[in-house]
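Enquirer: Below you'll find the structure I mean.
Residue numbers (the numbering used here), protein chains in the order written: chain A, 513 to 1024; chain B, 513 to 1024.
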């Protein structure tokens, strides 16, 4: 879709203005810069290649850059740290847009240990926040995504997830500061009152609640974000579970869902297919030298070698040992009853023991080695539908998805994060981005996944910049009323259409 | 403020149109009707007296009425069941507006027992939902506010609270249907895709999340609402706590906050001052015949007589008995350590025992007898600031509030609902609405409460229609940026300015 949308405006004029605002060293407009800010996992980096980038260090910088962009009619694509790989990385929907790089706005504004929250600027990474929490002796625990080199705020705004209790990151957002396209600085929730100390502690403020509207949208530049963090539990307990057959997914979801709904599992536990875990360990050719789809008998050898099930999950419990030991007995009983085997015993961690074993969110990037699965310069793209935690529907979605992977000759790698009400599927499509064959197959697979999942009644909850319009088009109730509504709001908040045109399929009038 | 805003438009023309749309029997335009839809607790019902009311039974009715209102330039004030007493009841901000009564849209659209949610139309009351759940054997438990004659949806949209685990009602909203001022039917979240079964199970859909924007706003008419309900626990445990002195509030909050943050108390437990509880039992004159403020020694007699502390709270735990028994031991230990006395032992309820003792939310209205405190035709108005769960700040807020009550000669009645991060204060100001003296004192007290609370840095999270502008004005960051933002959105979504002008201080252009 993206080729239809080429950013317009006087980019040179904008960069000249930006040099005046920021100085030469924070304007990146060379060919090398353009490549550096492109999608590093794209088959063709030029498809979404930006015109360059500008790096803000303050709200005032952002305001001035928005003004300059409006005057030059140049589109700005804000990124926090730009690590949203699998969904586009640093790159904009529109080739030719200018990246508004916020990674130098990296102040941890506040950590409130008693009330359990932090306030971060968009450039604060998971490692930065972890370092600060570690310096303080872990008075609060983090939830981190699988690959944690990105921005804490950016990840939450894009609805990233982690395997901890506070793992629905957007759900932890409370109170933000946003610069609107016209330069107005807005503070949401209780922050709409000057110096109100409840800003990051309550969502029950006066009038409409706006926080979630600035998630996955292009209505403003979020320059500060409040995020709830977990109080440290005195103990954690952890159990690995395995299931031997692909069709076991139905019983795996049926087992987790009621435990999660009733608070007996303290996070959305995920069933991960074995190829995913194998891809963290080695390349495909380190396991099997053949071509084509990984055969089931070779898969069985891999599972044997790595001690994996077809599906693998880890259940974590957090709290006083007496409480979580009671929960653990119930989880074990439910697993036994479902005929699901534990891989080992419950592991217990107690305050004062080695923190690395605590099941706190500890940032890492080891998982990114999955992109080497097929060899070559690797890449991945995430297909992420969300559905009710209905075991039968989720199992059907699994079979549908896997069949499409196989039809297009791609090894299936999926995970089902099971909540009490929602199940989020994150399917990783791994590829060698130097292979034209992979390109064709991955693109065809992705388009068919969108189509077939939509036909089954579900939608993606986030997607790669390549497919933002296609996914938006699946939201079809009442002649796409929501897409039209989003665009209406876009036009009033950003009449010049300069902020992230096309993000999540929301387009300003000038590009519609 | 309201007297400045008198609704305009051709009301007779609108009522004629409404008769054609609805039939004669759903248009209420007599003097008796106007009184019936006024604020029954107002000192002067005419201040916000509507021009009448129209009762919709369907989305199509709502659409047609909006069209007719737009043509006649008549303001519509939607109510669900109109029981928002203490905040205005059925009455509109603007005298002369027409009430859009949704109480006949009272279908329970769905109850999903496995996934823990219901879908209701705005006219469904707490009693209706309870009856349906009871008929099914309580597969899910409700959270209900203190006076439960109102609408399930309306209460959630106005951010009502209850003393159960799911007691932050707005936080349980997931997926709604809204009719916009132009008649467009919008479905939020996953419902933006036709027939998506995840509509009421996930907030992680694609693009901006709009649910909370239709809370406490005038941007659309919510015609259907998804609300999460609690799975039934196998057991509950309940403990009453008391504190003898007003200044104990600080330690009472200090005790609850960390337990709540760590999930060891399963709901926002509230400390309620004894006058509140006494007011449910009898009138003030049944305890003491004097005039002026209730003296402390008379208060002591009331506490003695009713077996109350100055502050009183109930802690409820929900779950498997093994889990909650462990939590109960920790709550007891924390109370002991804080020097807070339990009034009796933990009461345990187990599945199969008398449901009325279960600590499920069971609707009732007994609490409304509080309005008889001063005798005469009673009334109450709620002053509801929200603050961080910081014991020192909350204690200061208590002292400030109580001193103002006393200055204006009103018996103090406050409750602090203590969450892990937020503490919501709900202060009830009781009065005899036939007393001109009460009128003057209550109004002066309320205005001073807004002013002094604002000076301390906090704001109300909901307020009476009389004070919506004054409270909105306290949200003063960046020259009231949020108020301006809300109005900007209002103008684009409701350019004719017909939907609930003035609600939460949001005014369309034609009345600004």
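For glycine and all other residues, C-beta sits at the position ideal for the given N, C-alpha and C.
Report the residue from A/541, A/983, A/930 whose alpha carbon sits nearest the alpha carbon of residue 777 of chain A.
Expert: On the first chain, residue 777 of chain A is found 265 positions in, with the first residue counted as 1. Ranking the options by Cα distance to residue 777 of chain A, first place goes to A/930.
Enquirer: Is residue 731 of chain A helix, strand or coil when you go by DSSP?
Expert: By one-based count along the first chain, residue 731 of chain A stands at place 219. Residue 731 of chain A falls in the coil class under three-state DSSP.
Enquirer: Per DSSP, what kind of secondary structure is residue 620 of chain B in: helix, strand or coil?
Expert: Numbered from 1 along the second chain, position 108 holds the residue referred to as residue 620 of chain B. If DSSP states are grouped into helix, strand and coil, residue 620 of chain B belongs with the strands.
Enquirer: Please go through the same chain and pick out, in chain order, the residues whose beta-carbon is closer than 6 Å to the beta-carbon of residue 986 of chain A, but skip the five residues on each side of it.
Expert: As a first step, residue 986 of chain A must be located in the first chain, where it is residue number 474. Correct list, in chain order: 966, 971.
Enquirer: Compare the C-beta of residue 513 of chain A with all C-beta atoms of chain B and state if any pair is closer than 9 Å.
Expert: Mapped onto the first chain, residue 513 of chain A falls at position 1. Because the pLDDT of residue 513 of chain A is 38, which lies under 50, any placement of that residue in the model is unreliable, and the number read from its coordinates should be weighed accordingly. Output row for residue 513 of chain A: interface = no.
Enquirer: Using a beta-carbon distance below 9 Å, is residue 630 of chain A in contact with chain B?
Expert: Along the first chain, one-based indexing puts residue 630 of chain A at 118. So no, residue 630 of chain A is outside the interface.
Enquirer: Residues of chain A with CB under 9 Å from residue 707 of chain B, in chain order?
Expert: The residue given as residue 707 of chain B occupies position 195 in the second chain. What residue 707 of chain B touches in chain A: 969, 989.
Enquirer: Does residue 973 of chain A get closer than 9 Å to chain B when you measure Cβ to Cβ?
Expert: Residue numbering aside, residue 973 of chain A sits at position 461 when the first chain is read from its first letter. True, the Cβ-Cβ gap to chain B drops below 9 Å.
Enquirer: Between residue 997 of chain B and chain A, is any beta-carbon pair separated by less than 9 Å?
Expert: Stepping through the second chain from its first residue, residue 997 of chain B is reached at position 485. Chain A, which has a Cβ nearer than 9 Å to the Cβ of residue 997 of chain B, makes this yes.
Enquirer: What separation, rounded to the nearest whole angstrom, lies between the Cα atoms of residue 575 of chain A and residue 694 of chain A?
Expert: Counting from one through the first chain, the residue named residue 575 of chain A turns up at place 63. Counting from one through the first chain, the residue named residue 694 of chain A turns up at place 182. Roughly 8 Å separates the two Cα atoms.
Enquirer: Look up residue 560 of chain B in the DSSP assignment and say whether it is helix, strand or coil.
Expert: Position 48 of the second chain, counted from the start, is the residue given in the question as residue 560 of chain B. Looking at residue 560 of chain B - three-state DSSP - the assignment turns out to be helix.
Enquirer: Assuming residue 638 of chain A and residue 662 of chain A make a contact with CB atoms under 8 Å, what is their CB distance in whole Å?
Expert: Position 126 of the first chain, counted from the first residue, corresponds to residue 638 of chain A. Position 150 of the first chain, counted from the first residue, corresponds to residue 662 of chain A. Going by Cβ atoms, the distance from residue 638 of chain A to residue 662 of chain A rounds to 7 Å, so yes, they are a contact pair.
Enquirer: Taking the beta carbon of residue 522 of chain A as the centre, do at least 16 other beta carbons fall within 10 Å, making it buried, or is it exposed?
Expert: The count along the first chain starts at 1 and reaches residue 522 of chain A at position 10. It counts as exposed.
Enquirer: Could you check the C-alpha separation between residue 687 of chain B and residue 601 of chain B for me, to the nearest Å?
Expert: Working through the second chain from its first residue, we reach residue 687 of chain B at position 175. Working through the second chain from its first residue, we reach residue 601 of chain B at position 89. In a straight line, the C-alpha of residue 687 of chain B is about 25 Å away from that of residue 601 of chain B.
Enquirer: Measuring alpha carbon to alpha carbon, tell me which of B/746, B/754, B/805, B/757 ends up nearest residue 834 of chain B.
Expert: Position 322 of the second chain, counting from 1, holds the residue named residue 834 of chain B. It is B/746 whose Cα lies nearest to the Cα of residue 834 of chain B.
Enquirer: Under a Cβ-count criterion, where at least 16 other Cβ atoms within 10 Å of its own Cβ denotes burial, should residue 812 of chain B be classed as buried or exposed?
Expert: Your numbering for residue 812 of chain B matches position 300 in the second chain. Label assigned to residue 812 of chain B: exposed.
Enquirer: Cβ of residue 736 of chain B within 9 Å of Cβ of residue 989 of chain A?
Expert: Numbered from 1 along the second chain, position 224 holds the residue referred to as residue 736 of chain B. Numbered from 1 along the first chain, position 477 holds the residue referred to as residue 989 of chain A. It is not a contact, given that the beta carbons lie outside the stated cut-off.
Enquirer: Between the C-alpha atoms of residue 910 of chain A and residue 761 of chain A, what's the straight-line distance to the nearest angstrom?
Expert: Numbered from 1 along the first chain, position 398 holds the residue referred to as residue 910 of chain A. Numbered from 1 along the first chain, position 249 holds the residue referred to as residue 761 of chain A. Taking the straight line joining both Cα atoms gives about 8 Å.
Enquirer: Could you work out which residues of chain B lie near residue 839 of chain A, taking near to mean beta carbons separated by less than 7 Å?
Expert: As a working mapping, residue 839 of chain A is identified with position 327 in the first chain. What residue 839 of chain A touches in chain B: 835.
Enquirer: Inspect the CB distances between the stretch 596-612 of chain B and the stretch 1011-1021 of chain B and report whether three or more fall short of 8 Å.
Expert: Touching, yes.
Enquirer: Mind checking the stretch 527-538 of chain B against chain A and listing, in chain order, the residues whose C-beta falls within less than 7 Å of any C-beta there?
Expert: For the stretch 527-538 of chain B, which is checked against every Cβ of chain A, not one residue is closer than 7 Å.
Enquirer: Run through chain A and tell me which residues come within less than 7 Å of residue 693 of chain B, C-beta to C-beta.
Expert: Within the second chain, residue 693 of chain B is the residue found at index 181, counting from 1. By Cβ distance, chain A contributes nothing, its closest Cβ being about 12 Å from residue 693 of chain B, past 7 Å.
Enquirer: What residues of chain B sit near residue 861 of chain A, judged by a beta carbon separation below 9 Å?
Expert: Within the first chain, residue 861 of chain A is the residue found at index 349, counting from 1. Under the 9 Å cutoff, chain B gives no residues; its nearest Cβ is about 17 Å from residue 861 of chain A.
Enquirer: Restricting to Cα atoms, I'd like to know which of B/531, B/597, B/569, B/545 is closest to residue 581 of chain B.
Expert: For the purposes of this step, residue 581 of chain B is identified with residue 69 of the second chain, where counting begins at 1. Checking every option, the nearest Cα to that of residue 581 of chain B belongs to B/531.
Enquirer: Assuming residue 950 of chain B is part of the alpha helix (DSSP H), what are its boundary residues?
Expert: Indexing the second chain from 1 puts residue 950 of chain B at position 438. Start and end: 948-967.
Enquirer: Which residues bound the beta strand (DSSP E) around residue 749 of chain A?
Expert: Stepping through the first chain from its first residue, residue 749 of chain A is reached at position 237. 747-755 is the extent of the beta strand (DSSP E) around residue 749 of chain A.
Enquirer: Let me make sure I understand the geometry here. Which of A/899, A/908, A/892, A/860 has the alpha-carbon closest to that of residue 922 of chain A?
Expert: Mapped onto the first chain, residue 922 of chain A falls at position 410. The candidate whose alpha carbon is nearest that of residue 922 of chain A is A/892.
Enquirer: At the level of alpha carbons, what is the spacing between residue 678 of chain B and residue 888 of chain B?
Expert: Locating residue 678 of chain B in the second chain gives position 166, counting from the first residue. Locating residue 888 of chain B in the second chain gives position 376, counting from the first residue. Rounded to the nearest angstrom, the two C-alpha atoms are 36 Å apart.
Enquirer: Check residue 532 of chain A in the structure and name its three-state DSSP category.
Expert: Numbered from its first residue, the first chain carries residue 532 of chain A at position 20. Reduced to three states, the DSSP call for residue 532 of chain A is helix.
Enquirer: Please report the distance separating the alpha-carbon of residue 918 of chain A from that of residue 723 of chain B.
Expert: Reading the first chain from its first residue, position 406 is the one you call residue 918 of chain A. Reading the second chain from its first residue, position 211 is the one you call residue 723 of chain B. C-alpha separation (whole angstroms): 38 Å.
Enquirer: How do the stretch 650-660 of chain A and the stretch 613-630 of chain A stand: do at least 3 beta-carbon pairs fall below 8 Å, yes or no?
Expert: The stretch 650-660 of chain A vs the stretch 613-630 of chain A: in contact.
Enquirer: Beta carbon of residue 766 of chain A, beta carbon of residue 903 of chain A: below 9 Å?
Expert: Residue numbering aside, residue 766 of chain A sits at position 254 when the first chain is read from its first letter. Residue numbering aside, residue 903 of chain A sits at position 391 when the first chain is read from its first letter. Cβ atoms of residue 766 of chain A and residue 903 of chain A: closer than 9 Å.
Enquirer: Which class does residue 976 of chain A belong to by DSSP, given the choice of helix, strand or coil?
Expert: Within the first chain, numbered from 1, the residue matching residue 976 of chain A stands at position 464. Residue 976 of chain A: coil per DSSP, three-state reduction.
Enquirer: So which residues on chain B does residue 899 of chain A lean against when the C-beta distance must stay under 9 Å?
Expert: The residue given as residue 899 of chain A occupies position 387 in the first chain. The contacting residues are 702, 708, 709, 710, 713, 714.
Enquirer: Please give me, in chain order, every unbroken run of the beta strand (DSSP E) with length at least 3 that falls completely inside the stretch 552-601 of chain A.
Expert: Complete beta strand (DSSP E) runs here, min 3: 564-567, 588-591.
Enquirer: Which class does residue 785 of chain A belong to by DSSP, given the choice of helix, strand or coil?
Expert: Taking the first chain and counting its residues from 1, one reaches residue 785 of chain A at position 273. DSSP places residue 785 of chain A in strand when its eight states are reduced to three.
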